[in-house]
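Step one of this worksheet: look at the structure below.
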Amino acid sequence: MIDELTAWLERTGAPGVSVAIDDGHEIRCFNQGVSDLRTRTPVGEETAFQLGSVSKVITAFVLLETLAEKGTSVDTPVVELAPDLEASNERAFHDITIRHLLSHTSGLDSQWWVDLGRGDGARRQAARAIAATPLIARPGELFSYSGPAFVLAGYLVDLLAKSYWEETVRETVARYLGDHSVSARPEDILLQPSATGYQKHPVPGHAPVPASRWYAPLALSPGGGLVATASDLARLMKAVRSRLKLGTGHGSGQVVPAIGWRYEGWGLGMARYRLADGSLCWGHDGTTSGQACAVRLSDEGPETVVVTTNAVWAASDVGMLAESITSRLCGDKTRPTIERRSDALEAYGAWHLPSNAELSGSYVRLNSTIMVRLASNDELVVGEISSPQDETNWFGRNAPRGANTTDTFKKVDQHSFRSATKEFHFLRHPDDSTRQYIHNGMRASVKTPRPWI
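Numbering (our numbering), first residue to last: 15 to 467.
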């Protein structure tokens, strides 16, 4: 494994990597490279990494633990537990349940990001602002990955536990692990060895540069602000697997179908992945301004793999490494397999557009605009503009007008297109022809007639 990680670092150019492997009998941790290029401190088992969106797995776990203690159902409406959110400007918001939040079917937009500081009411302010944003779909209709949904999940932990989410996380994890490294507060993390995140230098051939900021405002940390060692994360997954009811039985009835070819679906806080050998596993990926993390859990057995690195550009490689190790770890064990979908919208058949539908136009989310132009019957030109705030918060860049990327997509199905690195799928609400979406397999954006977009 050390030889493999050495080769992985050489191939990706990442400064360091930490891998924790639980084969069901013991957890072993393998580390290679350095946690900081300036000090050349080696990565060790005690080195903590930022988890990014893998924090959502822990938020789901802690919320479900809290609900179990209170005897509260996951299908309880959010406003029943947080009556102050009834001020939402959309009546449909009142139909959102905890299950909708944790399975990314709430209809909440993908991103809401404002630093409200660390005051006592910061997360409540964030929750109320999120509740006031227009929904992109009615609750339960459409899978679309949502960070704000997990900010609301963290706020529910605040209310139910009568303690801040970050404190409840530490106490809940401690019940299972004893002393541990999982934390959201920078002052706690400074007391333990931790990795410095890196971005690629804008000039090719130059050394990577340290990420410029801490990843997430504390009020929004339930969606992506936790830090932990790879080994502690692997240790915690035993309890997570049980509480989130991950397994084939759960998968057959409680997984929300996804769009595209990457995922089989989403459970409560975790995705169900298709591996290269056709087998299934559970997992989640996380990316920050300078670090990346991937967790994979075998579908039925106890095997778990966690990979963390302090190189944001290696995020996709982290997921592939985790899946490769998972496949080898499970070996020849009998595992559920599934055929690759021929139709990216297989589970959303009623949402298919008619063959003559107009795809060109502007599609919007809170933090980005996607502009689509039909170049030919089989080719699209797609431009994506992210907001200046989003660029600064997510990537540490200072782009006054936001980032702008353009790519060409080839048709692979009636309303599915691919480029070298991305996929887009077009769909329309079955009962409302004015609601048309573009979906990248994770997030949906709504078509808008506004001419200035």
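Every residue gets a Cβ at the ideal spot worked out from N, C-alpha and C, and that includes glycine. Note that this is a predicted model, so its numbers are computed, not measured.
Option in the options with minimal Cα separation from residue i
i: V326; options: V223, T86, H298; result: V223
i: Q64; options: D246, E393, P56; result: D246
i: I35; options: W296, I452, T340; result: T340
i: S434; options: F423, D427, P463, E180; result: The amino acid at residue 434 is misidentified as Ser; the sequence shows Ala. Measuring from the Cα of A434, the nearest candidate turns out to be F423.
i: V76; options: Y229, S256, T55, P218; result: S256
i: R457; options: L441, G58, E393; result: L441
i: G58; options: A230, I452, A209, V217; result: A209
i: R432; options: P271, A198, A358; result: A358
i: S356; options: D427, T419, E398, H366; result: D427
i: W179; options: G238, R25, H220; result: G238
i: S67; options: G131, A163, R25; result: A163
i: C43; options: S312, A62, S447; result: A62
i: L232; options: E372, G168, E398; result: G168
i: S293; options: G345, V88, M251; result: G345
i: H215; options: I16, D446, G27, T419; result: G27
i: D291; options: A285, D134, S338, N324; result: S338
i: R250; options: T53, S447, V71, R138; result: For the record, residue 250 in the displayed sequence is Leu; it is not Arg. When each option's Cα is compared against that of L250, the closest is V71.
i: L240; options: L258, L204, A198; result: A198
i: M334; options: E353, H366, E314, L289; result: L289
i: H298; options: G304, A82, Y277; result: Y277
i: D202; options: E181, D446, V217; result: E181
i: W275; options: L367, D392, E353; result: E353
i: I41; options: Y451, A248, S69; result: A248
i: R105; options: P56, T147, K425; result: T147
Terminal residues of the alpha helix (DSSP H) in which residue i lies
i: M334; result: 329 to 344
i: G135; result: No alpha helix (DSSP H) holds G135; DSSP gives it neither H nor E.
i: K70; result: 69 to 84
i: Y169; result: 161 to 175
i: I273; result: Careful: I273 lies outside any alpha helix (DSSP H) and carries neither H nor E.
i: L115; result: 112 to 116
i: V93; result: 92 to 95
Cβ neighbours of residue i in the same chain (closer than 7 Å, five flanking residues each side left out)
i: L234; result: W127, A140, V165
i: D37; result: E317, L343
i: L23; result: V31, Q46, G47
i: A364; result: P444
i: N454; result: K436, E437, F438
i: G279; result: V269, V270, P271, A272, R286
i: I150; result: G121, D123, S158, A458, V460
i: V395; result: R387, A389, T420, T422
Contact set for residue i: own chain, Cβ-Cβ below 8 Å, skip 5 residues either direction
i: S376; result: T383, I384, M385, V386, K461, T462, R464, I467
i: A253; result: F75, Y190
i: E18; result: none
i: A221; result: L51, H215
i: H118; result: F157, S158, Y159, S160, A163, V270, W280
i: T20; result: Q46
i: R54; result: V48
Where the beta strand (DSSP E) through residue i begins and ends
i: A151; result: First-last for A151: undefined, no H or E at that position.
i: V63; result: The sequence shown places Phe at residue 63, rather than the Val named in the question. First-last of the beta strand (DSSP E) with F63: 62 to 64.
i: T20; result: Unbroken run through T20 is the alpha helix (DSSP H), 16 to 26; no beta strand (DSSP E).
i: V386; result: 382 to 390
i: A34; result: 30 to 36
i: A371; result: No beta strand (DSSP E) holds A371; DSSP gives it neither H nor E.
i: K424; result: 418 to 427
i: L394; result: 393 to 400
i: N45; result: 41 to 50
i: L441; result: 437 to 442
i: F107; result: Looking at the DSSP string, F107 is not in any beta strand (DSSP E), and its letter there is neither H nor E.
i: A364; result: Counting along the chain, A364 falls outside any beta strand (DSSP E), and DSSP gives it neither H nor E.
Contact belief for residue i with residue j at Cβ below 8 Å, rounded distance in angstroms
i: A225; j: Q213; result: 6 Å
i: G121; j: E100; result: Not a contact, Cβ separation roughly 16 Å.
i: A242; j: V183; result: Not really, about 10 Å apart at Cβ, beyond 8 Å.
i: T86; j: A175; result: Going by Cβ atoms, the distance from T86 to A175 rounds to 12 Å, so no, they are not a contact pair.
i: A244; j: V320; result: 5 Å
i: S459; j: R379; result: 5 Å
i: S124; j: Y159; result: 6 Å
i: W228; j: L260; result: No, W228 and L260 are not in contact; Cβ-Cβ is about 31 Å, not under 8 Å.
i: L173; j: L78; result: That pair is no contact at about 15 Å.
i: S369; j: L388; result: That belief does not hold up - the Cβ atoms of S369 and L388 are roughly 13 Å apart, past 8 Å.
i: A136; j: F107; result: A136 to F107, Cβ: 21 Å. No contact.
i: N324; j: S69; result: That pair is no contact at about 17 Å.
Contacting residues, own chain, Cβ-Cβ under 6 Å from residue i (five flanking each side not counted)
i: I110; result: V92, S120, P153
i: A329; result: T301, A306
i: L116; result: A74, L282, G283
i: A361; result: P271
i: T484; result: The structure shown has nothing for residue 484, since the chain only spans 15 to 467.
i: A336; result: A308, R310, V319, V321
i: R113; result: V88, D89
i: L367; result: H429, F440, R442
Residue-level contact to chain B via CB, residue i, 9 Å cutoff
i: T422; result: Any reference to chain B falls outside this structure, which holds one protein chain only.
Where are the beta strand (DSSP E) runs, 3 residues long or more, that stay fully inside the segment 275 to 319, in chain order? Entirely contained in the segment 275 to 319, the beta strand (DSSP E) runs reaching 3 residues are, in chain order, 277 to 280, 285 to 288, 294 to 301, 306 to 312.
Runs of 4 residues minimum, wholly inside the segment 178 to 263: which ones carry the alpha helix (DSSP H) assignment? Segments of the alpha helix (DSSP H) lying fully in the segment 178 to 263: 179 to 191, 200 to 203, 244 to 257.
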